[in-house]
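Reading through the structure tokens given below for one structure.
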Amino acid sequence: MADNGIGTRTVRKEDQRFLTGKGNYLDDINRPGQAYAYFVRSPYANAKINGVDTSAAAAAPGVVAVLTGQEMAADGIGPLICGWMISSKDGSPMNAPAHPALAVDKVNYVGDHVAIVVADTYNQAKDAAELVEVDYDELPSVTDTAGAAAAGAPQIHADIPGNICYDWELGDKAVVDEAFSKAHHVTSLDMINNRLIPNAMEPRAAVAEYDPGTEDMTLYTTSQNPHVCRLIMSAFLQVAPEHKLRVIAPDVGGGFGSKIFVYAEETATLWASRRVNRPIKWVAERSESFLSDAHGRDHVTHAEMAMDENGKFIAMRVSTIANLGAYLSTFASAVPTYLYATLLAGQYTTPVIYAEVKGVYTNTSPVDAYRGAGRPEATYVVERLVENAAREMGLDPAEIRRRNFIPNDAFPYETPVVHTYDCGDYPKALEEALKLADYDGLAARKADAQSRGKLRGVGLSAYIEACGIAPSAAVGALGGGVGLWEAAQIRFNPTGNVTVLAGTHSHGQGHATTFAQVVADKLGVPYENVEVVEGDTDKGPFGMGTYGSRSIAVGGSAIMKAADKIIEKGKKIAAHALEAAEEDIEFSGGNFSVAGTDKAMNIGEVAFAAYVPHNYPEGLEPGLDETAFYDPLNFSFPSGVHIAEVEVDPDTGVVDIIKYSAVDDFGNVINPMIVEGQVHGGIAQGVGQALLEGCVYDDDSGQLVTGSYMDYAMPRADDLPSIDIGMSPVPSPLNPLGVKGAGEAGAIASPAAVINAVTDAIGADIDMPATPLKVWQTLNSAKAAAE
Amino acid sequence: MHDFQYHKPGSVADAAAAAAGAEDGSFLAGGQTLIPTLKQRLAAPSDLVDLSGVSELQGITVSGDSVTIGAMTRHADVAASGDVAAAILALAALAGGIGDPQVRNRGTIGGSIANNDPAADYPAAVLGLNATVNTNKRSIAADDFFTGMFETALEEGELITSVSFPVPEAANYQKFHNPASRYALVGVMVAKTGGGVRVAVTGAGPCVFRASSLEQALAGGLSSSALDGASVSADGLNSDIHATPEYRAHLVKVMAGRAADAAGG
């Protein structure tokens, strides 16, 4: 194996560039003659628009154009789409409201888009935006998840009664109710999965350019999936035909899901650039990101677990209200349904499960996928129920899990909620995590904490996730509007070095390194000679992009498939040159050799022969350049056990995470350093959700209270302990690399682990985020109740 | 940010004159509040008078019984000053805990107390240590300086030149951070001075204030146990998503106890 092959802790190729300020982010891109855009946004949560007077703004210094939803509609642009159809219990299709990129007669949340102002400078655009006069009739608003569908709640969309998008279910309610009637014990819990604001380091941005000569359009955008962006822009929004539109997602500073979607701003910027025949740049200010990035989570759930006398799970019942925001974002409908309820089996043999999910509209920013997307919400429900069930049954939380794990000999295992898990070894990961966490020493540590006036607690989370969303046919059967395969092209250049063009996109994941390791390892070329190209629809093949921890499981498999094609063709070329039969050619370590002889040819020489085909197999095409499309056989199912240990200061309510242990099964790992980084980052986000982060809208006005870092608490380095990581891989049999995906696991596992630890410490239930205030109040209530 | 006229005077007199000549002028010290406010278009002064070129506003002087800090002295310089630490360790520590390194390298003591943000740290030091605020017109006792939320005794065009802190017998500052902004959700300076025990509280109310009930309880000695029977009223304290008035009142007592123990021990 090469020094930089699969399994090595290869230092990231891209870091030198990023760390020395040589990255090429959206704001680094400037086009000749560029103008700047600023958006007029709704100051109200719910209001009727009587009219928009743009005359004063249009006359302001430097202003190129002020465009509204009326003009956009007149040009036939939009509306924005949601690409996943969900049907209600009664079979009726979901209620999807019109979603114009620029509002026409109504605004539905604070930050909703009303007009785009284009000017010579950014400040001129911003100055002019203050002069756009919008005549609003403010209406009562609703931002509360639980209250959105209540009788008398303000109506958001006239054609959607009760603000209900869908009332969806999974499973057989009668069968589950019957099982509950025979339960020895039922654990039930009301939970809030708090709403989060993504906060990627780089705010969303777009630069759009129109070439009046060729009529080509180019959109530089902060996208996780530029081809999907182009498809939506052309097929649905009618901004430009697909073959005349180039979408480039250059270096992107974090996404966490929020940059999967096609938003109003890049749509309007692209459309406006053609109308005014000038390149236009738009870069969100941080406060705009808070207001209008698609938010995450926001569930209100009641869940119950039924058990027999041995603590064996016999049935589970979950009822969730999911806040979808004011409109349906690109994949919003799928997140609280097929990406959520299908994971409620967790790692357990629970035989019957029923879940119902009511998706509701509120006067808030749209809610869509955010790191984990549905799966953190599922893990939170399952693992908090399991932990509480153990406590109520007088069982050790580790022991109740042991009693209910899917056994190793049961794989492939079909759960009662759609999925078939390919493989896993849940008991092994649990035992390794317990050891890493020094679970046996816990009692002594609790006693020590008590002697210091502190409350110590431990919490487990045995999570499962479904990654590499696929296969396409299954996705289609569940209502998905796209195929979820991936594509890759391996291009040997005549000099023997390699360009890999991948349909995925890296916005922090390190693909330039990981994919180069895979190709170097598989094809025996020096790692340094492999360049990965992503994020430009004019360069690589159509790809579906990066989200759902799919890049290695699906994209990596496409690369492996393309590499197989390269080897296959290389064998033909080598056989001819070495005057041997093709069947006798073996490929290993970058060399094509004739079996049983010392006759061999390096893959670089084969590449040269392919481009200078003087002595070449008759009928074989020149060139060594292969593209593969890979449609996965199934999702992959990473799993693991995370254990958090906390200490609570009862005087202040502060929760300190003393120790955090994570044992994960990601299948084979290409670059352990990068994967550990993903685990660290995911845990940081999960700890953020558990202890710090919470999006708050004002109940009365619908204003975003947590609209800046003054009030929205992001996790920082000093909020986290040093994290102990263990790997417990069971390679997936379903893809050529045996990989499972690692991008979201930390964020999926950690909220439940941390909250289970906090509830253990304080002896009472608490919702996220468990802020000092909330912990102190909970301790006070518990104390008052005890007196 | 809206346009403004920019002035960079070299003396206090020129600074005062520039401000007096402006239609709606504003002094610019470290800019850690003013610049973000301008960027958010929440303020639109006609003129900015940048004080960074006024050398007479710079510097730290420690005499036998007092520490005098020039109004334009950066937090980082106060935090790093061995002289300050030797005289009033609590003051150096407080300065070293303001904001983050960027803020500490720009922000100034004069700018902080002139702004009188309800959650700023320095007002607790000025009030708790019974400092005197010197301006280009007069000297103002700490008890008279902070008059309300973002309000001080400074008159129009009056410029802080320095702050003089008498060296206390003992002092300690304890801050409970707002989990988001890391400003003081509650910050308490406990000091034993020649004039008695002073307990100054920032973050909890609309303006820094002295907790008289705690001062009385600690009069017999700086120890958290002395606070056992004491209480702080929640009336009039701030309420937001991070803390209720009751929680703030509770934290005032907890932080005061910790400061007392640290100062007394």
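So the sequence lines, in the order shown, correspond to chains V and S.
Under this note's numbering, the residue at position 611 of the first sequence is numbered 611, and the numbers go up by one with no gaps.
All you need for this note's numbering is the position in the second sequence, starting with 1, plus 787.
In this text, a Cβ means the ideal position worked out from N, Cα and C, and glycines have one as well.
Through-space distance from residue 518 of chain V to residue 1 of chain V, alpha-carbon basis: At residue 1 of chain V, the pLDDT of 47 sits below 50, so the modelled position is not reliable; the number obtained from the coordinates is stated separately. Computed Cα separation, rounded: 11 angstroms.
Using the Cβ count rule (16 or more neighbours within 10 Å means buried), how would you classify residue 228 of chain V? buried
Are the stretch 59-71 of chain V and the stretch 231-248 of chain V in contact at 8 angstroms, needing three or more beta carbon pairs? no
So with CB distances below 7 angstroms, who are the chain S contacts of residue 651 of chain V? 1041
Beta-carbon contacts of residue 565 of chain V that lie in its chain and below 7 angstroms, excluding the five residues immediately before and after: 626, 628
Rounded to the nearest angstrom, how far is the Cβ of residue 461 of chain V from that of residue 379 of chain V, given a contact under 8 angstroms? 7 angstroms
Top-ranked residue by Cα proximity to residue 18 of chain V, from V:719, V:531, V:251: V:251
Over what stretch of residues does the alpha helix (DSSP H) that includes residue 953 of chain S continue unbroken? Segment 947-953 is the beta strand (DSSP E) holding residue 953 of chain S; no alpha helix (DSSP H) there.
Across which residues does DSSP place residue 325 of chain V in a beta bridge pair? V:361
DSSP-derived helix/strand/coil call for residue 636 of chain V: strand
According to DSSP, which residues form a beta bridge with residue 93 of chain V? V:87
Does the CB of residue 710 of chain V have a neighbour CB from chain S at under 7 angstroms? yes
From residue 656 of chain V to residue 648 of chain V, what does the alpha carbon distance come to, in whole angstroms? 6 angstroms
Let me know the secondary structure DSSP gives residue 229 of chain V once reduced to three states. helix
Opening and closing residue of the beta strand (DSSP E) in which residue 592 of chain V lies: 591-594
With a CB to CB cut of under 8 angstroms and the five nearest residues on each side skipped, what residues in its chain are close to residue 654 of chain V? 648, 772, 775
Using a 10 Å radius around the Cβ and a threshold of 16 neighbouring Cβ atoms, would you call residue 100 of chain V buried or exposed? buried
Proximal chain S residues relative to residue 772 of chain V, where beta-carbon distance stays under 9 angstroms: 963, 966, 972, 1029, 1030, 1034, 1038
Can you check whether the C-beta of residue 398 of chain V is within less than 7 angstroms of a C-beta belonging to chain S? no
Report yes if the C-beta of residue 931 of chain S is less than 6 angstroms from at least one heavy atom of the ligand MG; otherwise report no. Inclusion of the ligand MG in the displayed structure is not the case, the ligand content being empty and no account of it being possible.
Should residue 510 of chain V and residue 760 of chain V be called a contact, given that it needs their Cβ atoms to be closer than 7 angstroms? no
Using a beta-carbon distance below 7 angstroms, is residue 713 of chain V in contact with chain S? yes
Going by DSSP, name the residue or residues bridged to residue 426 of chain V. None, per the DSSP bridge assignment.
Coarse secondary structure for residue 485 of chain V, derived from DSSP in three states: coil
Is it true that the stretch 819-827 of chain S meets the stretch 845-855 of chain S, where meeting means three or more beta-carbon pairs spaced less than 8 angstroms apart? no
Which complete alpha helix (DSSP H) runs does the stretch 150-233 of chain V hold, if anything under 4 residues is left out? 173-181, 226-231
Would residue 222 of chain V and residue 205 of chain V be called neighbours here (beta carbons separated by less than 7 angstroms)? yes
Does the separation of the CB atoms of residue 905 of chain S and residue 936 of chain S fall below 7 angstroms? yes
So that I know if they touch, is there some Cβ in chain S lying closer than 7 angstroms to that of residue 282 of chain V? no
Taking the CB atoms as reference points, tell me whether residue 1054 of chain S and residue 910 of chain S lie closer together than 7 angstroms. The requested residue 1054 of chain S does not occur in the structure, where chain S is confined to residues 788 to 1052.
Residues in the same chain with beta-carbon distance under 8 angstroms from residue 692 of chain V, minus the five sequence neighbours each way, listed in chain order, please. 713, 714, 715, 719, 769, 771
Which listed residue (V:58, V:36, V:238, V:109) has its alpha carbon closest to that of residue 284 of chain V: V:36
Proximity winner among V:327, V:539, V:141, V:496, relative to residue 247 of chain V (alpha-carbon distances): V:539
Rounded to the nearest angstrom, what separates residue 989 of chain S and residue 801 of chain S at their Cα positions? 33 angstroms
In chain S, what lies closer than 7 angstroms to residue 696 of chain V by C-beta? 1028
CA nearest to the CA of residue 665 of chain V, picked from V:612, V:697, V:745: V:745
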